[in-house]
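Numbering (this note's numbering), first residue to last: 16 to 220.
Printed below as a string of C-alpha coordinates:
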(Lines of atoms letter the chains of each structure in order from A; the text may use other names.)
(Lines give C-alpha, C1' and ligand atoms only; values in the text may rest on other atoms or scores of the structure.)
Protein backbone atom coordinates (compact mmCIF):
# COMPACT_ATOMS: atom_id res chain seq x y z
CA UNK A 16 0.00 0.00 0.00
CA UNK A 17 1.41 3.41 -0.94
CA UNK A 18 0.83 6.99 0.16
CA UNK A 19 -1.11 8.64 -2.67
CA UNK A 20 0.23 11.81 -4.26
CA UNK A 21 -1.71 14.97 -3.39
CA UNK A 22 -1.96 15.79 -7.09
CA UNK A 23 -1.89 13.31 -9.96
CA UNK A 24 0.80 14.49 -12.33
CA UNK A 25 0.47 14.98 -16.07
CA UNK A 26 1.74 11.76 -17.60
CA UNK A 27 3.33 11.09 -20.97
CA UNK A 28 3.17 7.45 -22.01
CA UNK A 29 5.64 6.08 -24.55
CA UNK A 30 4.38 2.58 -25.18
CA UNK A 31 5.01 -0.52 -27.21
CA UNK A 32 2.19 -0.84 -29.70
CA UNK A 33 1.45 -4.29 -28.31
CA UNK A 34 0.17 -2.94 -24.97
CA UNK A 35 -1.43 0.39 -25.96
CA UNK A 36 -5.01 -0.87 -25.61
CA UNK A 37 -4.39 -2.14 -22.10
CA UNK A 38 -2.56 1.02 -20.97
CA UNK A 39 -5.36 3.23 -22.30
CA UNK A 40 -7.95 1.11 -20.48
CA UNK A 41 -6.09 1.50 -17.17
CA UNK A 42 -5.26 5.20 -17.62
CA UNK A 43 -8.89 6.02 -18.41
CA UNK A 44 -10.14 3.94 -15.49
CA UNK A 45 -7.79 5.77 -13.11
CA UNK A 46 -8.67 9.19 -14.52
CA UNK A 47 -5.11 10.18 -15.39
CA UNK A 48 -4.24 13.32 -17.32
CA UNK A 49 -2.12 11.73 -20.02
CA UNK A 50 -0.96 11.67 -23.62
CA UNK A 51 0.26 8.53 -25.35
CA UNK A 52 2.55 7.83 -28.27
CA UNK A 53 3.34 4.36 -29.57
CA UNK A 54 6.47 2.56 -30.73
CA UNK A 55 5.86 -0.12 -33.40
CA UNK A 56 5.26 -3.56 -31.91
CA UNK A 57 7.35 -5.09 -34.71
CA UNK A 58 10.49 -3.98 -32.86
CA UNK A 59 10.05 -6.97 -30.56
CA UNK A 60 11.72 -8.97 -33.32
CA UNK A 61 14.65 -6.52 -33.22
CA UNK A 62 15.00 -5.61 -29.53
CA UNK A 63 18.28 -3.78 -30.13
CA UNK A 64 16.19 -1.11 -31.88
CA UNK A 65 13.78 -0.52 -29.00
CA UNK A 66 15.95 1.81 -26.88
CA UNK A 67 16.91 4.08 -29.84
CA UNK A 68 13.24 4.35 -30.85
CA UNK A 69 12.20 5.22 -27.29
CA UNK A 70 15.05 7.73 -27.01
CA UNK A 71 13.74 9.74 -29.97
CA UNK A 72 10.34 10.03 -28.33
CA UNK A 73 11.85 10.82 -24.92
CA UNK A 74 13.85 13.68 -26.39
CA UNK A 75 10.72 15.10 -28.01
CA UNK A 76 8.69 14.86 -24.80
CA UNK A 77 11.30 15.47 -22.09
CA UNK A 78 10.10 18.96 -21.09
CA UNK A 79 6.36 18.43 -21.49
CA UNK A 80 5.43 16.07 -18.65
CA UNK A 81 5.90 15.65 -14.91
CA UNK A 82 6.29 11.90 -15.37
CA UNK A 83 6.99 9.84 -18.50
CA UNK A 84 5.90 6.23 -18.29
CA UNK A 85 7.80 3.90 -20.60
CA UNK A 86 5.28 1.23 -21.57
CA UNK A 87 7.78 -1.60 -21.80
CA UNK A 88 9.31 -4.25 -19.62
CA UNK A 89 12.97 -5.02 -20.41
CA UNK A 90 11.68 -6.85 -23.51
CA UNK A 91 14.98 -8.36 -24.60
CA UNK A 92 16.93 -5.09 -24.54
CA UNK A 93 19.33 -6.63 -21.98
CA UNK A 94 19.43 -3.48 -19.86
CA UNK A 95 19.74 -0.98 -22.73
CA UNK A 96 16.30 0.45 -22.01
CA UNK A 97 17.13 0.91 -18.32
CA UNK A 98 20.44 2.57 -19.18
CA UNK A 99 18.56 5.01 -21.41
CA UNK A 100 15.86 5.76 -18.83
CA UNK A 101 18.50 6.44 -16.17
CA UNK A 102 19.42 9.59 -18.11
CA UNK A 103 15.89 10.99 -17.75
CA UNK A 104 15.05 11.52 -14.04
CA UNK A 105 11.28 11.79 -14.61
CA UNK A 106 11.04 8.67 -16.82
CA UNK A 107 10.28 5.22 -15.45
CA UNK A 108 9.41 1.89 -17.02
CA UNK A 109 7.10 -0.90 -15.92
CA UNK A 110 8.99 -3.44 -13.76
CA UNK A 111 9.41 -6.89 -15.25
CA UNK A 112 11.35 -8.85 -17.88
CA UNK A 113 8.50 -9.17 -20.43
CA UNK A 114 4.91 -8.03 -20.85
CA UNK A 115 3.87 -11.66 -20.28
CA UNK A 116 5.15 -11.33 -16.73
CA UNK A 117 3.33 -8.10 -15.87
CA UNK A 118 0.12 -9.53 -17.32
CA UNK A 119 0.45 -12.94 -15.70
CA UNK A 120 2.21 -12.16 -12.41
CA UNK A 121 2.16 -15.34 -10.32
CA UNK A 122 0.65 -17.22 -13.27
CA UNK A 123 3.75 -16.43 -15.31
CA UNK A 124 6.07 -17.53 -12.50
CA UNK A 125 4.17 -20.80 -12.07
CA UNK A 126 4.19 -21.49 -15.80
CA UNK A 127 7.92 -20.75 -16.09
CA UNK A 128 8.62 -23.25 -13.35
CA UNK A 129 6.21 -25.86 -14.70
CA UNK A 130 7.15 -25.56 -18.37
CA UNK A 131 10.22 -23.44 -19.24
CA UNK A 132 9.65 -24.13 -22.94
CA UNK A 133 6.54 -21.96 -23.18
CA UNK A 134 5.72 -19.60 -26.03
CA UNK A 135 3.36 -16.84 -24.84
CA UNK A 136 0.66 -14.99 -26.72
CA UNK A 137 -1.23 -11.96 -25.44
CA UNK A 138 -4.46 -10.58 -26.95
CA UNK A 139 -2.45 -8.35 -29.27
CA UNK A 140 0.10 -10.97 -30.27
CA UNK A 141 -2.59 -13.57 -30.91
CA UNK A 142 -4.55 -11.13 -33.07
CA UNK A 143 -1.47 -10.12 -35.09
CA UNK A 144 0.29 -13.48 -34.95
CA UNK A 145 0.40 -13.99 -38.72
CA UNK A 146 2.17 -10.70 -39.39
CA UNK A 147 4.32 -10.33 -36.28
CA UNK A 148 5.47 -13.94 -36.03
CA UNK A 149 4.95 -15.95 -39.20
CA UNK A 150 5.67 -13.25 -41.79
CA UNK A 151 8.29 -11.34 -39.76
CA UNK A 152 10.31 -14.51 -39.19
CA UNK A 153 9.85 -15.67 -42.78
CA UNK A 154 8.01 -18.86 -41.81
CA UNK A 155 5.40 -18.27 -44.52
CA UNK A 156 8.16 -18.52 -47.13
CA UNK A 157 10.45 -20.95 -45.35
CA UNK A 158 8.44 -23.26 -43.06
CA UNK A 159 11.57 -25.33 -42.52
CA UNK A 160 12.78 -22.54 -40.20
CA UNK A 161 10.15 -23.58 -37.66
CA UNK A 162 12.59 -25.80 -35.76
CA UNK A 163 15.23 -23.06 -35.66
CA UNK A 164 12.88 -20.55 -34.04
CA UNK A 165 10.56 -22.85 -32.08
CA UNK A 166 12.44 -26.11 -31.62
CA UNK A 167 12.91 -25.49 -27.89
CA UNK A 168 9.24 -24.72 -27.21
CA UNK A 169 6.75 -27.36 -26.12
CA UNK A 170 3.66 -25.39 -25.12
CA UNK A 171 1.81 -22.23 -26.16
CA UNK A 172 0.06 -20.28 -23.38
CA UNK A 173 -2.47 -17.63 -24.36
CA UNK A 174 -2.86 -14.92 -21.70
CA UNK A 175 -6.26 -13.29 -22.17
CA UNK A 176 -6.26 -9.72 -20.83
CA UNK A 177 -9.65 -8.32 -21.81
CA UNK A 178 -12.82 -10.44 -21.98
CA UNK A 179 -14.18 -8.50 -24.96
CA UNK A 180 -11.19 -9.51 -27.08
CA UNK A 181 -11.17 -13.28 -27.04
CA UNK A 182 -8.39 -14.38 -29.38
CA UNK A 183 -8.45 -18.03 -28.32
CA UNK A 184 -9.36 -19.26 -31.80
CA UNK A 185 -6.32 -17.56 -33.33
CA UNK A 186 -4.11 -18.63 -30.42
CA UNK A 187 -5.18 -22.26 -30.75
CA UNK A 188 -4.54 -22.13 -34.51
CA UNK A 189 -1.06 -20.73 -33.80
CA UNK A 190 -0.31 -23.61 -31.43
CA UNK A 191 -1.49 -26.13 -34.01
CA UNK A 192 0.63 -24.53 -36.73
CA UNK A 193 3.73 -24.60 -34.53
CA UNK A 194 3.05 -28.11 -33.25
CA UNK A 195 2.79 -27.00 -29.62
CA UNK A 196 0.46 -28.06 -26.82
CA UNK A 197 -2.13 -25.36 -26.08
CA UNK A 198 -3.34 -23.72 -22.86
CA UNK A 199 -5.17 -20.50 -22.14
CA UNK A 200 -5.75 -18.50 -18.95
CA UNK A 201 -7.56 -15.29 -18.06
CA UNK A 202 -4.80 -13.04 -16.78
CA UNK A 203 -6.78 -9.80 -16.68
CA UNK A 204 -5.05 -6.48 -16.04
CA UNK A 205 -4.87 -6.50 -12.25
CA UNK A 206 -1.10 -7.09 -11.97
CA UNK A 207 -0.32 -4.43 -14.57
CA UNK A 208 -2.72 -1.95 -12.98
CA UNK A 209 -1.13 -2.43 -9.54
CA UNK A 210 2.32 -1.68 -10.95
CA UNK A 211 1.13 1.38 -12.86
CA UNK A 212 -0.69 2.79 -9.83
CA UNK A 213 2.50 2.44 -7.79
CA UNK A 214 4.53 4.23 -10.46
CA UNK A 215 2.10 7.08 -11.15
CA UNK A 216 -0.01 7.60 -8.04
CA UNK A 217 2.34 6.83 -5.14
CA UNK A 218 4.18 9.55 -3.25
CA UNK A 219 7.52 7.71 -3.28
CA UNK A 220 7.76 7.76 -7.09
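Beta carbons: idealized from backbone N, C-alpha and C, even for Gly.
Less than 8 Å between the beta carbons of residue i and residue j, yes or no?
i, j, result
"residue 202", "residue 180", "no"
"residue 56", "residue 94", "no"
"residue 172", "residue 133", "yes"
"residue 215", "residue 69", "no"
"residue 58", "residue 35", "no"
"residue 170", "residue 186", "no"
"residue 154", "residue 147", "no"
"residue 85", "residue 98", "no"
Tell me which same chain residues have a C-beta within less than 8 Å of the C-beta of residue i, skipping the five on either side of it?
i, result
"residue 117", "88, 109, 110, 111, 206, 207 and 210"
"residue 193", "134, 161, 165, 168 and 171"
Locate the beta strand (DSSP E) running through residue i, then write down its first and last residues.
i, result
"residue 83", "82-86"
Rounded to the nearest angstrom, what separates residue i and residue j at their Cα positions?
i, j, result
"residue 90", "residue 96", "9 Å"
"residue 82", "residue 200", "33 Å"
"residue 157", "residue 44", "44 Å"
"residue 30", "residue 39", "10 Å"
"residue 191", "residue 124", "24 Å"
Could you tell me whether any non-hydrogen atom of the ligand COA is closer than 7 Å to the CB of residue i?
i, result
"residue 168", "Of ligands this structure carries none, so the ligand COA is not represented either."
Which residues bound the alpha helix (DSSP H) around residue i?
i, result
"residue 118", "114-119"
"residue 209", "205-216"
Residues in its own chain within less than 6 Å of residue i by CB, not counting five upstream and five downstream?
i, result
"residue 198", "172"
Query raised in the report: Are the segment 140-152 and the segment 180-199 touching by the rule of at least three beta carbon pairs closer than 8 Å?
Result: yes
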